[in-house]
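Chemist:
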Amino acid sequence: MKVTYICHSGFLVELEKKYLLFDYYRGEIPELKKEKPLYVFSSHRHPDHFNSDVFLLAGRHSNVTYLLSHDIRIKPYLERENLQVNLQDMIHTMRAGQNYQFPVQDGFMEEVSGQEIQITTLKSTDAGVAFLIRTEGKVLYHAGDLNWWHWEEEEEQYNHNMEVKFKKEVGKLAGLDIDAAFLPVDFRQGAAAYLGFEYVMSIANIKHAFPMHTWGQYHIIDKLCSNTAVLRVEREGQLWKI
0 MKVTYICHSG
10 FLVELEKKYL
20 LFDYYRGEIP
30 ELKKEKPLYV
40 FSSHRHPDHF
50 NSDVFLLAGR
60 HSNVTYLLSH
70 DIRIKPYLER
80 ENLQVNLQDM
90 IHTMRAGQNY
100 QFPVQDGFME
110 EVSGQEIQIT
120 TLKSTDAGVA
130 FLIRTEGKVL
140 YHAGDLNWWH
150 WEEEEEQYNH
160 NMEVKFKKEV
170 GKLAGLDIDA
180 AFLPVDFRQG
190 AAAYLGFEYV
200 MSIANIKHAF
210 PMHTWGQYHI
220 IDKLCSNTAV
230 LRVEREGQLW
240 KI
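For the sequence shown, numbering that gives the first Met the number 0 assigns the number 0 to the initial residue and increments by one for each residue that follows.
And the structure:
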């Protein structure tokens, strides 16, 4: 498995039989092998997680599937950019707390391999969804904006409610073996930036953890790197083979 950091919360994962592109909003996407299917995930509509430029990939890649949170209003993008041709069949909207599989078929697969991909969505504590993905014998988790958003300027009750909501939702990951997890660490939270990341690491068995949503403040990752599962994200275009 190859993982390329694109920007902010954007990553490209290359597996043996497919590509997974997460939360692209800007940056350089590596050249893709056209014979491999490409799955484009957008966790929610915020402009640092979604850019309608992802639809242009359909003109450059022969097999693209878009997996978009339900809060992303697709029609205005397609009309504005005149991108309606052949795109509707490629786009699938996703709601929290649901299971999906592609290619679409009746019944839910107990195991997935090869081209199949199985997706479970979690409800974000901000907007949209997080993605738990099983494919080719791998398990991946991209949090989107599902995070423990503790803010010192907020009232105690707000922060308490946030903690409860966060722990309830990510509790669905407890005990899971996850090959790669992409987890927010937002410097704007100050000391609380690590709460969500460290909590998820404590309840799931994560082999490789990629801090994201740092707004380019990569130094805040240093505190996490005593854990050997944490990858040091330092620059756009960085590549790992794991």
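Where is the CB? At the ideal position from N, CA and C, for every residue including glycine.
Since this is a predicted model, take the numbers as computed values, not measurements.
1. Of the residues L31, H45, P75, V128, which one's Cα is nearest the Cα of L66?
2. So, helix, strand or coil for S61, using DSSP?
3. From the DSSP output, in three-state form, read off V232 for me.
4. Got a sec? Which residues, its chain only, sit under 7 angstroms from F10 by beta carbon, not counting five neighbours each side?
5. Whole alpha helix (DSSP H) runs in the region 188-213 with 4 or more residues, listed along the chain?
6. DSSP puts S68 in a beta bridge; with which residues?
7. For the region 47-55 against the region 22-29, are there 3 or more C-beta pairs whose distance is under 8 angstroms?
8. To the nearest angstrom, report how far apart I205 and H141 are at their CA atoms.
9. How is L175 classed by DSSP in three states: helix, strand or coil?
10. The alpha helix (DSSP H) spanning Y157 covers which residue range?
11. What whole-angstrom Cβ distance do V63 and L37 have, given they're in contact under 8 angstroms?
12. Mapping DSSP to helix, strand and coil, what is P75?
13. Determine the direct distance from the alpha carbon of Y18 to that of S41, and round the result to whole angstroms.
Modeler: Let me lay it out:
1. Checked all of L31, H45, P75, V128; the closest Cα to L66 is V128.
2. In the structure shown, S61 adopts coil according to DSSP, grouped into three states.
3. V232: coil per DSSP, three-state reduction.
4. Only residues of its own chain outside the window of five on either side were considered, and among them V2, T3, Y4, F21, F181, F209 have a CB closer than 7 angstroms to the CB of F10, listed in chain order.
5. Fully enclosed alpha helix (DSSP H) runs of 4 or longer: 194-202.
6. DSSP, once it has assigned bridges, lists M93 as partnering S68.
7. A contact exists between the region 47-55 and the region 22-29.
8. Counting only the Cα atoms, H141 lies some 12 angstroms from I205.
9. Assigned with DSSP and collapsed to three states, L175 falls in coil, not helix or strand.
10. In the DSSP assignment, Y157 falls within the unbroken alpha helix (DSSP H) covering 155-169.
11. So it is a contact: roughly 5 angstroms between Cβ atoms.
12. Three-state result, P75: helix.
13. If you draw a straight line from the Cα of S41 to the Cα of Y18, it is about 14 angstroms long.
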